[in-house]
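Below is one structure, written out as structure tokens, with a few remarks after it.
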Amino acid sequence: TNALALEFNKIAAANSRTLAAPSRLYITGHSMGGHITGAAIEDEAASTAINKVKYHGAVPMCGVMGDAELFNQFAAMQVTAQALAGVPSYPTAKFSEIQALVTGSLFTTFPSVPTAQGVKYLSVVKNITGGERPLFDQGIAFGGSFPSAYGTFGSDGTVSGILNKNVLDTNAYTYAIDGDAAGTAGLNTTAQKMTAAAEANRLRRDGLRWIPQINGEFKIPVVSIHTLGDLFVPFSMQQVYQKRTAAKGNGGWLVQRAIRGASHCDFTVAEQAEAFDDMIKWERDGIKPAGDDVVTAATVAAPTYGCTYTRNTLGPDESGTTRALRPAILGSTPACP
13 TNALALEFNK IAAANSRTLA APSRLYITGH SMGGHITGAA IEDEAASTAI
63 NKVKYHGAVP MCGVMGDAEL FNQFAAMQVT AQALAGVPSY PTAKFSEIQA
113 LVTGSLFTTF PSVPTAQGVK YLSVVKNITG GERPLFDQGI AFGGSFPSAY
163 GTFGSDGTVS GILNKNVLDT NAYTYAIDGD AAGTAGLNTT AQKMTAAAEA
213 NRLRRDGLRW IPQINGEFKI PVVSIHTLGD LFVPFSMQQV YQKRTAAKGN
263 GGWLVQRAIR GASHCDFTVA EQAEAFDDMI KWERDGIKPA GDDVVTAATV
313 AAPTYGCTYT RNTLGPDESG TTRALRPAIL GSTPACP
């Protein structure tokens with residue numbers, strides 16, 4: 013990404029377009045591109061990147077803002093699924109051998125119709141992925157992103173061979189089944205604990221990491237947006253990002269917005285454009301935009317959470333997913349004020 017930024021003028025010249033050198037560089041991206049956006053603006057990237065670029069502002073959207081913590085969440089989803097399906101100690105890397113049993117124990121129709129045990133499991137998934145919030149139920153019922161997370165079960169922890177060692181670690185997780193204290197205690201006792209290998213994602217000799225790391229060490233305007241019903245790159249990624257950034261004393265540089273989408277990256281064009289425009293006004297004019305509190309549980313759980321920056325009017329350039337899902341969302345949730 014940085015190499016492309018540095019070559020942009022040369023590429024333009026090679027295509028008969030002469031451009032002045034840019035005075036400002038902004039970066040934005042979706043999903044893995046959101047992860048790259050977040051990593052590219054970090055102090056670590058400024059120090060270790062082979063191609064060094066100074067960005068002036070960023071808009072990561074539906075991004076993997078917790079880097080490897082996303083894979084820990086997938087692992088947490090798996091060990092709790094196994095525990096609630098009655099096979100807590102089965103080797104996690106051999107999930108394919110018990111997948112039918114686990115899925116059948118938890119779902120009558122996957123993933124939209126859970127069994128009684130599956131209702132408990134989905135409350136665990138909700139709490140792993142950001143806690144009580146609007147659009148979680150729609151994300152399961154018709155959002156379509158949860159099967160992608162479920163499809164990661166059985167990982168050996170190398171993230172499909174990107175790493176040489178296991179990076180998965182669930183030791184920091186405490187699981188919760190809504191309204192079931194005894195079941196919660198039992199689940200936390202029986203669910204397997206996965207522990208990462210030491211330095212599984214260490215800096216390489218060339219100064220890079222196989223999985224870029226986001227530490228919250230940046231001092232440029234960032235406006236980040238995320239849909240609430242996303243279960244592939246869940247809303248919890250924003251919570252991880254906020255906590256890391258605040259811990260480094262950089263919370264004033266981060267504005268986050270919750271969007272009432274039911275899937276992965278199903279933003280309207282207006283939501284994306286508004287976030288980018290507001291970042292530009294912040295960087296250029298010093299007008300810091302407002303955002304949402306992503307970490308206070310009572311705030312996130314409010315039925316109207318995410319209404320402030322959701323723009324449901326569809327334009328001609330919407331994705332097929334957004335165009336299909338927004339009417340279903342509006343038909344199954346309370347109206348925003």
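The opening position of the sequence shown corresponds to residue 13 in our numbering, with each subsequent residue numbered one higher. Even glycine gets a Cβ: it sits at the ideal position worked out from N, Cα and C. The structure displayed is predicted, hence computed values, not measured ones.
Q: Just tell me which of Asn14, Ala97, Phe154 and Arg145 has its CA closest to the CA of Ala340.
A: Nearest of Asn14, Ala97, Phe154 and Arg145 to Ala340, Cα basis: Phe154.
(Q) Which residue wins for smallest C-alpha separation from Ser117, given the options Val71, Gln250 and Lys132? (A) Of Val71, Gln250 and Lys132, the residue nearest in Cα terms is Lys132.
Q.
Between Met249, Glu295 and Ala287, which has its C-alpha nearest Ala80's C-alpha?
A. Of Met249, Glu295 and Ala287, the residue nearest in Cα terms is Met249.
Q) With DSSP run on the structure shown, which of helix, strand or coil describes Ala97? A) Reduced to three states, the DSSP call for Ala97 is coil.
Q. Taking the C-alpha atoms as reference points, what is the distance between Arg216 and Ser59?
A. Roughly 13 Å between the two C-alpha positions.
Q) Would Thr257 pass as a contact of Gly303 if the rule is Cβ separation under 7 Å? A) Judged by beta-carbon spacing, Gly303 lies beyond the 7 Å limit of Thr257, meaning their Cβ atoms are not closer than that value.
Q) What are the boundary residues of the beta strand (DSSP E) that Ala72 is part of? A) Sequence inspection shows Pro at residue 72; the Ala mentioned does not correspond to that position. Where Pro72 is concerned, the enclosing beta strand (DSSP E) stretches over Gly69 to Met73.
Q: Write down the C-beta distance between Thr92 and Ala203 rounded to the nearest angstrom, noting that I regard them as a contact closer than 8 Å.
A: Your pair Thr92 and Ala203 checks out as a contact, with CB atoms roughly 5 Å apart and the cut at 8 Å.
Q.
Let me check one thing: in DSSP terms, what residues is Ile237 bridge-paired to?
A. According to DSSP, residue pairing for Ile237 in a beta bridge involves Met73 and Arg269.
Q. Start and end of the alpha helix (DSSP H) containing Phe119?
A. That residue, Phe119, is in no alpha helix (DSSP H); its beta strand (DSSP E) goes Phe119 to Thr121.
Q: Please state if the CB of Gly69 and the CB of Gly50 are separated by a distance shorter than 7 Å.
A: Result no, Cβ atoms of Gly50 and Gly69 do not sit closer than 7 Å.
Q.
Considering only the alpha carbon of each residue, which of Asn324, Ala197 and Met77 lies closest to Asp278?
A. Per the Cα distances, Asn324.
Q | Trp222 beta carbon less than 7 Å from that of Ile299 | A | No, Cβ-Cβ distance for Ile299 and Trp222 is not below 7 Å.
Q) So is Met77 buried or exposed if we call it buried at 16+ other beta carbons inside 10 Å? A) The residue in question, Met77, is buried, as its Cβ has 16 or more Cβ neighbours within 10 Å.
Q: State buried or exposed for Thr201, treating a residue as buried only when at least 16 other CB atoms are found within 10 Å of its CB.
A: With fewer than 16 other Cβ atoms from the protein chains shown falling within 10 Å of its own Cβ, Thr201 counts as exposed.
Q. Are the Cβ atoms of Gly318 and Ala270 separated by less than 7 Å?
A. Judged by their CB atoms, Gly318 and Ala270 are nearer to each other than the 7 Å cut-off.
**Q.** Run of the alpha helix (DSSP H) containing Thr334, from where it starts to where it stops
**A.** Segment Gly332 to Leu342, the alpha helix (DSSP H) holding Thr334.
Q | the region 88 to 103 touching the region 176 to 188, judged by at least three CB pairs closer than 8 Å | A | By the Cβ rule, the region 88 to 103 counts as touching the region 176 to 188, because three or more pairs are nearer than 8 Å.
**Q.** Host alpha helix (DSSP H) of Thr257 (start-end)
**A.** Here the alpha helix (DSSP H) through Thr257 covers Ser248 to Ala259.
Q.
So for His42, helix, strand or coil by DSSP?
A. In the structure shown, His42 sits in a strand (DSSP, three-state: E or B).
Q) Just checking my contact of Ala87 with Leu16 at CB under 8 Å: how many whole Å lie between their CB atoms? A) Actually they do not touch by this definition, with Cβ atoms about 33 Å apart.
Q: Pull up the CB-CB distance for Ala209 and Asn183, whole angstroms please, since I reckon it's below 8 Å.
A: Cβ-Cβ separation between Ala209 and Asn183: approximately 13 Å, too far for a contact (criterion under 8 Å).
Q | Limits of the alpha helix (DSSP H) - the one that Val131 falls within | A | Residues Ala128 to Ile140.
Q: Compare the C-alpha of Ala285 against each of Tyr67, Thr322 and Val65 and name the closest.
A: Ranked by Cα distance from Ala285, the options Tyr67, Thr322 and Val65 are led by Thr322.
**Q.** Distance CB(Ala287)-CB(Val71) smaller than 7 Å
**A.** For Ala287 and Val71, yes; Cβs fall inside 7 Å.
**Q.** the region 138 to 145 / the region 306 to 316 touching (three or more Cβ pairs under 8 Å)
**A.** Yes: at least three Cβ pairs fall under 8 Å.
Q: Just list the alpha helix (DSSP H) runs in the region 262 to 315, keeping only unbroken ones of 4 residues or longer that don't cross its boundaries, in chain order.
A: Taking 4 residues as the minimum length, the alpha helix (DSSP H) runs contained wholly in the region 262 to 315 are 281 to 297 and 309 to 313, in order along the chain.
Q) In whole angstroms, what separates the C-alpha of Gly353 from that of Gly156? A) The structure shown does not extend to residue 353, since the chain is modelled only from 13 to 349, so the question has no answer here.
Q.
By the three-class DSSP mapping on this structure, what secondary structure does Val125 have?
A. Val125: strand per DSSP, three-state reduction.
Q: Return the Cβ separation of Leu266 and Val234 in integer angstroms, given the expectation that the two are a contact with Cβ distance under 8 Å.
A: In this structure Leu266 touches Val234 by the C-beta definition: roughly 5 Å separates them, less than 8 Å.
Q: Out of Asn176, Gln85, Ala336 and Gly191, state which residue places its alpha-carbon closest to the alpha-carbon of Arg214.
A: When only C-alpha atoms are compared, the closest one is Asn176.
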